[in-house]
Amino acid sequence: MTQTLSRQETPVSPPPPAPPRRKKHRDPSRFFRLYLPLVLYLLFTLIPFYWMLVFAFRPAGETTLLPWPITFEHFDTVWNDIGFGLFFQNSLLIALGTLVTVTVFAVMGGYALARFKFRGQRVFLLALLCTQFIPGAMMLIPLFVIFKNVGLLNSLTGLIIADTAFQLPLALILMSGFVRNVPVELEEAAMVDGCSRLRAFFAVTLPQLRPALVAVGSFAFIGAWNNFLFALMFASRQDKFTLPVGLSYALGEFNTDFGALAAGGVVAAVPVVLVFAVVQRFLVQGLSAGAVKG
Amino acid sequence: MKRLLVALALVLSACSAGGQDGPTTITFWDNNGGPGRTPIYEELIKRFEAANPNIKVEYVGIPSSSVQQKYDTAIAGGSTPDVGGVTTSYLAHLVGQDALEPLDERLESGPLKGKLLPGLLETVRQTAMDGKLYAAPASGNLDVIWYRSDLFAEQKIAVPDTWDQLVDAAAKLTKPADNKYGFTIRGGAGSVFQLLAEAYSYSGVDKFYDGGKSTVSDPRNAELVSKIAGIYKKSTPEADVNNNYTQMVAQFTGGTVAMMHHNLGSTADVMKALGAQKVSAMPLPKGPSGKRTVVPNPTDGFAVFKGSKNPDASWKFVEFLTSAESNGYWNEKVGQIPANTDVRGAEWIQKNPAVKMALGVLEDPATMLVPAPVYLPEYSSITKTDTEPLYQKVLLGQMSAQQFLDELAAKLTTAQQEWEKRK
Numbered sequence: 001m002t003q004t005l006s007r008q009e010t011p012v013s014p015p016p017p018a019p020p021r022r023k024k025h026r027d028p029s030r031f032f033r034l035y036l037p038l039v040l041y042l043l044f045t046l047i048p049f050y051w052m053l054v055f056a057f058r059p060a061g062e063t064t065l066l067p068w069p070i071t072f073e074h075f076d077t078v079w080n081d082i083g084f085g086l087f088f089q090n091s092l093l094i095a096l097g098t099l100v101t102v103t104v105f106a107v108m109g110g111y112a113l114a115r116f117k118f119r120g121q122r123v124f125l126l127a128l129l130c131t132q133f134i135p136g137a138m139m140l141i142p143l144f145v146i147f148k149n150v151g152l153l154n155s156l157t158g159l160i161i162a163d164t165a166f167q168l169p170l171a172l173i174l175m176s177g178f179v180r181n182v183p184v185e186l187e188e189a190a191m192v193d194g195c196s197r198l199r200a201f202f203a204v205t206l207p208q209l210r211p212a213l214v215a216v217g218s219f220a221f222i223g224a225w226n227n228f229l230f231a232l233m234f235a236s237r238q239d240k241f242t243l244p245v246g247l248s249y250a251l252g253e254f255n256t257d258f259g260a261l262a263a264g265g266v267v268a269a270v271p272v273v274l275v276f277a278v279v280q281r282f283l284v285q286g287l288s289a290g291a292v293k294g
Numbered sequence: 001m002k003r004l005l006v007a008l009a010l011v012l013s014a015c016s017a018g019g020q021d022g023p024t025t026i027t028f029w030d031n032n033g034g035p036g037r038t039p040i041y042e043e044l045i046k047r048f049e050a051a052n053p054n055i056k057v058e059y060v061g062i063p064s065s066s067v068q069q070k071y072d073t074a075i076a077g078g079s080t081p082d083v084g085g086v087t088t089s090y091l092a093h094l095v096g097q098d099a100l101e102p103l104d105e106r107l108e109s110g111p112l113k114g115k116l117l118p119g120l121l122e123t124v125r126q127t128a129m130d131g132k133l134y135a136a137p138a139s140g141n142l143d144v145i146w147y148r149s150d151l152f153a154e155q156k157i158a159v160p161d162t163w164d165q166l167v168d169a170a171a172k173l174t175k176p177a178d179n180k181y182g183f184t185i186r187g188g189a190g191s192v193f194q195l196l197a198e199a200y201s202y203s204g205v206d207k208f209y210d211g212g213k214s215t216v217s218d219p220r221n222a223e224l225v226s227k228i229a230g231i232y233k234k235s236t237p238e239a240d241v242n243n244n245y246t247q248m249v250a251q252f253t254g255g256t257v258a259m260m261h262h263n264l265g266s267t268a269d270v271m272k273a274l275g276a277q278k279v280s281a282m283p284l285p286k287g288p289s290g291k292r293t294v295v296p297n298p299t300d301g302f303a304v305f306k307g308s309k310n311p312d313a314s315w316k317f318v319e320f321l322t323s324a325e326s327n328g329y330w331n332e333k334v335g336q337i338p339a340n341t342d343v344r345g346a347e348w349i350q351k352n353p354a355v356k357m358a359l360g361v362l363e364d365p366a367t368m369l370v371p372a373p374v375y376l377p378e379y380s381s382i383t384k385t386d387t388e389p390l391y392q393k394v395l396l397g398q399m400s401a402q403q404f405l406d407e408l409a410a411k412l413t414t415a416q417q418e419w420e421k422r423k
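Respectively, the protein sequence lines represent chains P and U.
Just so we're aligned, residue 1 is where the first sequence starts under the UniProt record's numbering, counting upward by one.
Just so we're aligned, residue 1 is where the second sequence starts under the UniProt record's numbering, counting upward by one.
Right, here's the structure in full:
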């Protein structure tokens with residue numbers, strides 16, 4: 001029935017106009033659907049950076065929208081008066097230390113979780129997830145007492161250990177997922193060829209995990225770099241403080257030095273931006289790379 | 001594994017102990033560390049060490065926003081400093097944890113006897129349930145209205161003496177088209193504390209509690225709150241409903257507003273941004289009663305911690321910091337009221353109109369002090385989390401001023417009664 005109807009209609013209706021192929025690229029709705037939201041979102045993310053840069057390079061008390069005349073006095077304040085040089089060095093040591101320990105332990109634990117079956121595995125994974133629900137502030141006093149008893153207060157090592165403890169669970173979960181994605185057949189093939197498990201891991205699996213190492217490592221770096229609470233609480237010596245503590249010096253009880261705050265923010269953001277600039281290549285590669293074809 | 005850990009702990013503790021000979025070292029935590037204050041303490045410590053070669057002072061600047069948490073953690077972990085900067089706003093909290101040494105006897109038997117402003121000593125004593133002195137007051141603060149003297153002169157407006165005159169002046173100085181406003185309201189964090197100072201300066205009510213009941217809900221206080229709410233959005237920026245002090249100070253120093261209620265603590269900021277030619281301070285205006293009533297700001301001071309292994313050296317340092325010379329140096333730099341009465345005649349006070357004005361207000365026998373009950377453990381939560389959102393409702397016209405003050409008064413009365421019971 002429907003067939004007859006449609007047959008009757010087809011001859012009367014004019015042939016549909018050929019779609020304007022070349023114009024597809026200039027489709028104005030594409031601008032509204034795609035570019036406009038993206039541009040708005042970009043502005044939304046970039047305005048805080050703009051704000052920070054303007055305040056950092058503009059003389060105090062100016063209200064111009066561009067940092068002109070440009071000044072470096074706020075950088076002088078944070079670097080020389082607040083002592084950002086030492087804080088920067090401490091932060092860098094802690095962040096790199098945390099990066100190394102977290103990555104090493106995450107690879108070991110992640111491999112074990114992905115490749116072996118053991119009793120209580122699910123409970124262990126659940127426990128790892130549960131640790132993420134506990135805020136650092138809650139563990140502050142117990143950790144403080146433990147650190148005091150073993151003499152780890154006022155030391156960068158102590159801060160690396162504390163940061164590692166809090167970063168590791170998530171890193172482990174992430175890493176076990178990455179390891180699971182590397183086909184076990186690759187390792188088995190290597191072992192058939194005479195490799196031990198360890199050698200198979202280093203020769204075959206580890207190279208495949210490069211994007212994972214970068215991802216986990218950069219998260220650990222940034223987590224440790226930004227940690228304010230532990231840095232302030234576990235150190236009671238001026239020369240052991242870190243950048244976030246230094247930044248909060250610009251917020252006084254009665255006054256806020258916005259210029260110094262913004263300049264300090266620029267100094268603190270630079271390494272993170274650099275890390276992401278280098279790392280994003282690996283992160284994208286990690287998504288598209290495949291080890292087995294077909 | 002256990003053995004390894006024990007051995008590690010032993011090695012580490014052996015490293016951290018040691019060095020018992022030589023000078024005594026005391027640690028000093030500055031409760032408002034940062035580029036403004038740290039150099040002042042560094043200079044004072046240098047002077048102290050030169051005068052006392054057998055005592056070394058290790059300075060640690062704690063960011064003011066986290067100082068309470070830092071003290072709490074240190075107390076819980078048994079790792080307090082020897083001397084710490086404190087203010088009366090959280091002194092009761094530290095005393096409650098039995099962390100501080102009472103200083104009355106040391107003060108009475110030393111050179112500071114009779115030298116510290118009685119009013120400030122009183123505000124410190126009031127914070128402790130046993131009425132003892134747990135911190136040596138070092139500097140006082142006063143709520144002031146910072147105003148753009150240049151704009152007032154330009155438009156030939158007289159400096160207001162009453163709140164009604166201030167409201168008129170604010171209206172005259174407002175030009176929304178140019179993004180200029182006469183006044184700024186602190187509607188966000190810290191709003192209620194400032195509002196209470198404004199309300200009492202207007203009402204002239206001279207007691208915070210009358211027969212155990214809070215006087216906050218006095219209709220004259222409500223009158224002032226209504227007046228302030230009345231100028232919101234008319235003579236103030238609309239964003240004021242969320243203003244904390246940093247935003248207020250930024251608006252004022254940025255030139256958007258002509259008058260701002262804050263305290264002497266912002267002296268350095270406003271002077272640096274605007275200069276003495278453009279800005280002056282006046283006391284909070286009076287109300288119809290014509291009386292000058294002042295709700296004192298928290299007092300800054302130095303406390304000796306009970307955990308100190310060198311309480312004598314620690315007190316010596318506190319004594320040094322509150323001596324006329326050090327106290328004068330410190331307050332000159334930060335622009336606050338020196339606690340040591342010997343500093344009164346110092347030349348710098350004559351040259352600092354804001355401090356001179358504040359001293360004038362505090363020393364005027366007609367001035368009545370109405371100390372807020374900062375000793376109540378709940379005071380901070382009542383005036384912040386419980387009632388700041390209510391004040392925002394008043395500003396937005398969703399609640400009446402009287403209703404808001406009634407709620408606030410009820411909470412303060414209950415807290416006071418519970419405190420009396422525990423006493």
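We put the CB at the ideal spot given by N, CA and C, even for glycine.
Cα-Cα separation, residue i to residue j
i, j, result
"Lys306 (chain U)", "Ala99 (chain U)", "5 Å"
"Val318 (chain U)", "Lys148 (chain P)", "27 Å"
"Val249 (chain U)", "Met282 (chain U)", "16 Å"
"Gly77 (chain U)", "Ile141 (chain P)", "6 Å"
"Leu274 (chain P)", "Ala215 (chain P)", "14 Å"
"Ala268 (chain U)", "Leu247 (chain P)", "19 Å"
"Leu12 (chain U)", "Gly158 (chain P)", "Residue placement at Leu12 (chain U) is flagged as unreliable, the pLDDT there being 46, under the threshold of 50; a coordinate-derived value is accordingly withheld."
"Gln277 (chain U)", "Arg220 (chain U)", "36 Å"
"Phe228 (chain P)", "Thr367 (chain U)", "44 Å"
"Gly110 (chain P)", "Asn54 (chain U)", "55 Å"
"Pro389 (chain U)", "Gly140 (chain U)", "29 Å"
"Trp29 (chain U)", "Val60 (chain U)", "5 Å"
Residues that residue i bridges to, as DSSP identifies them
i, result
"Arg37 (chain U)", "Beta-bridge pairing links Arg37 (chain U) to no other residue."
"Arg148 (chain U)", "U:Val279"
"Thr73 (chain U)", "Answer by DSSP bridge pairing: none, since Thr73 (chain U) is not bridged."
"Ile55 (chain U)", "U:Thr24"
"Lys175 (chain U)", "U:Lys180"
"Val67 (chain U)", "According to DSSP, Val67 (chain U) bridges with nothing at all."
"Met259 (chain U)", "U:Tyr147, U:Phe183"
"Gly61 (chain U)", "U:Asp30"
"Thr256 (chain P)", "P:Leu251"
"Asp210 (chain U)", "U:Lys213"
Local Cβ density within 10 Å of residue i, reported as buried at 16 or more and exposed below that
i, result
"Arg197 (chain P)", "exposed"
"Pro69 (chain P)", "exposed"
"Arg122 (chain P)", "exposed"
"Ile382 (chain U)", "buried"
"Gln132 (chain P)", "exposed"
"Ile185 (chain U)", "buried"
"Ala171 (chain P)", "buried"
"Val78 (chain P)", "buried"
"Thr10 (chain P)", "Only weak support exists for where Thr10 (chain P) lies, its pLDDT of 46 falling under 50; the value from the coordinates is given anyway. When all chains shown are included, Thr10 (chain P) counts as exposed."
7 Å Cβ cut-off: residues of chain P touching residue i
i, result
"Pro389 (chain U)", "Under the 7 Å cutoff, chain P gives no residues; its nearest Cβ is about 23 Å from Pro389 (chain U)."
"Thr73 (chain U)", "Leu140, Ile141, Phe144, Met233"
"Thr246 (chain U)", "Thr256"
"Pro23 (chain U)", "Chain P residues near Pro23 (chain U): none, gap ~17 Å exceeds 7 Å."
7 Å Cβ cut-off: residues of chain U touching residue i
i, result
"Glu253 (chain P)", "Asn32, Ser64, Gly265"
"Phe258 (chain P)", "Ala250"
Under 8 Å from the C-beta of residue i: neighbouring residues of chain U
i, result
"Ser248 (chain P)", "Pro63, Ser65, Ser66"
"Thr63 (chain P)", "Gly254, Gly255"
"Thr205 (chain P)", "Near Thr205 (chain P) there are no residues of chain U at all, since even the closest Cβ is about 28 Å away, more than 8 Å."
Interface partners of residue i on chain P, CB under 9 Å
i, result
"Ala76 (chain U)", "Leu140, Ile141, Phe144, Val145"
"Ala339 (chain U)", "Near Ala339 (chain U) there are no residues of chain P at all, since even the closest Cβ is about 17 Å away, more than 9 Å."
Contact test: residue i Cβ vs the ligand HEM heavy atom, cutoff 7 Å
i, result
"Asp82 (chain U)", "As presented, the structure is devoid of all ligands, the ligand HEM included, so that no description of it is given."
Under 9 Å from the C-beta of residue i: neighbouring residues of chain U
i, result
"Arg237 (chain P)", "Thr27, Glu58, Val60"
What alpha helix (DSSP H) runs, 4 residues minimum, are completely inside the segment 264-339 of chain U? 267-274, 311-322, 324-334
To test your reading of the DSSP string, which unbroken beta strand (DSSP E) runs of 3 or more residues are found completely within the segment 80-150 of chain U? 83-87, 136-140, 143-148
Could you give the uninterrupted runs of the beta strand (DSSP E) lying entirely in the segment 347-416 of chain U, keeping only those of 3 residues or more? none
What are the start and end residues of each continuous alpha helix (DSSP H) run of 4 or more residues lying completely inside the segment 178-209 of chain P, in chain order? 184-192, 197-200
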